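**Student:** Below you'll find the structure I mean.
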Amino acid sequence: MDQDELKKQVAEAAIEYVEAGTVIGVGTGSTANFFIDALAKIKGKIDGTVASSIASAERLKGHGIPVLDLNEVGELSVYVDGADETNEQLHLIKGGGGALTREKIVAGASRKFVCICDESKLVKMLGAFPLPIEVIPMAQSFVARELVKHGGMPELRQGFTTDNGNIILDVKGMEIMEPCTLESALNNIPGIVTVGIFANRPADVLLLGTANGVKTLTA
Ligand SMILES: O=C(CO)[C@H](O)[C@H](O)COP(=O)(O)O
Numbered sequence: 001m002d003q004d005e006l007k008k009q010v011a012e013a014a015i016e017y018v019e020a021g022t023v024i025g026v027g028t029g030s031t032a033n034f035f036i037d038a039l040a041k042i043k044g045k046i047d048g049t050v051a052s053s054i055a056s057a058e059r060l061k062g063h064g065i066p067v068l069d070l071n072e073v074g075e076l077s078v079y080v081d082g083a084d085e086t087n088e089q090l091h092l093i094k095g096g097g098g099a100l101t102r103e104k105i106v107a108g109a110s111r112k113f114v115c116i117c118d119e120s121k122l123v124k125m126l127g128a129f130p131l132p133i134e135v136i137p138m139a140q141s142f143v144a145r146e147l148v149k150h151g152g153m154p155e156l157r158q159g160f161t162t163d164n165g166n167i168i169l170d171v172k173g174m175e176i177m178e179p180c181t182l183e184s185a186l187n188n189i190p191g192i193v194t195v196g197i198f199a200n201r202p203a204d205v206l207l208l209g210t211a212n213g214v215k216t217l218t219a
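With full-length UniProt numbering applied, the sequence shown corresponds to residues 1 to 219, in that order.
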């Protein structure tokens with residue numbers, strides 16, 4: 001099975017976590033896109049979705065799936081999204097697609113976070129994938145200097161603006177031994193909007209696509 005087939009397999013498995021008659025959160029990226037395509041087949045079962053990016057909202061609407069404003073709905077029953085890395089504690093690195101801020105908001109507004117990944121994303125220690133950080137543009141240089149003090153090598157994601165009008169710094173060289181502590185520390189740097197570490201609110205369920213089928217890990 002190639003990576004796309006593994007992504008499709010977990011995306012389809014996540015349909016089991018969709019609760020009838022509720023509004024659900026939908027993530028961003030190629031794995032989330034497979035989930036959106038699978039969701040289209042059962043769209044009559046749900047009351048609507050909240051999307052974590054403009055791209056996902058467009059894909060959902062293209063399937064005729066209602067997309068609602070988070071401010072118009074209460075708690076979401078479940079949030080389904082991919083990740084760039086996960087450890088066995090279901091701490092994640094996210095933001096490879098640049099949607100990390102809205103992803104963290106929608107995950108936070110959901111009772112359950114189901115993460116869907118192919119097996120290449122499971123790591124012992126987070127940090128081989130450059131850590132995405134959304135930053136207010138005027139703070140770029142200051143934040144970059146602060147990140148160097150934390151042992152990172154920040155690089156501006158060229159030609160990219162987030163859905164919120166900000167920039168992304170991708171930070172190489174971070175050995176993330178204590179994900180919760182580092183997430184909180186980086187969150188305290190003025191100018192950082194969102195850190196791509198999802199540890200203080202980890203996933204609740206990880207569906208991992210493997211050549212031997214879907215494995216389920218829980219936090
Ligand atoms: O965090 C994300 C987007 O901001 C994605 O979930 C992450 O980049 C994984 O993407 P893919 O499913 O394409 O491998």
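We put the CB at the ideal spot given by N, CA and C, even for glycine. On a predicted model such as this, the values are computed, not experimentally measured, just so you know.
1) So who's on the other strand from Y79, going by DSSP bridges?
2) Does F35 pass the burial test, meaning 16 or more other C-beta atoms within 10 Å, or should it be called exposed?
3) When every heavy atom of ligand 1 is checked, does at least one fall within less than 7 Å of the C-beta of G98?
4) Just the Cα atoms here: how many angstroms apart are F113 and Q3?
5) Taking Cβ positions, are A109 and E72 nearer each other than 8 Å?
6) The beta strand (DSSP E) spanning L156 covers which residue range?
7) Cβ of D81 within 7 Å of any heavy atom in ligand 1?
8) Just to confirm the assignment: which complete beta strand (DSSP E) runs, minimum length 3, are found wholly within the segment 86-155?
9) Can you tell me which of the three DSSP states D69 falls into?
**Tutor:** Straight from the coordinates:
1) Taking the first residue of the sequence shown as position 1, residue 79 is located at position 79. Y79 pairs with G25, F113.
2) Here residue 35 corresponds to residue number 35 of the sequence shown, with the count starting at 1. F35 should be labelled buried.
3) Within the sequence shown, numbered from 1, the residue matching residue 98 stands at position 98. Flag set: Cβ of G98 near ligand 1.
4) Taking the sequence shown and counting its residues from 1, one reaches residue 113 at position 113. Taking the sequence shown and counting its residues from 1, one reaches residue 3 at position 3. Whole-angstrom Cα-Cα distance: 22 Å.
5) Counting from one through the sequence shown, the residue named residue 109 turns up at place 109. Counting from one through the sequence shown, the residue named residue 72 turns up at place 72. No.
6) Working through the sequence shown from its first residue, we reach residue 156 at position 156. 153-156 is the span of the beta strand (DSSP E), which, as asked, contains L156.
7) Looking up residue 81 in the sequence shown gives position 81. Yes, the Cβ of D81 comes within 7 Å of a heavy atom of ligand 1.
8) 110-118, 131-135
9) Position 69 of the sequence shown holds residue 69. The answer is coil: DSSP assigns D69 none of H, G, I, E or B.
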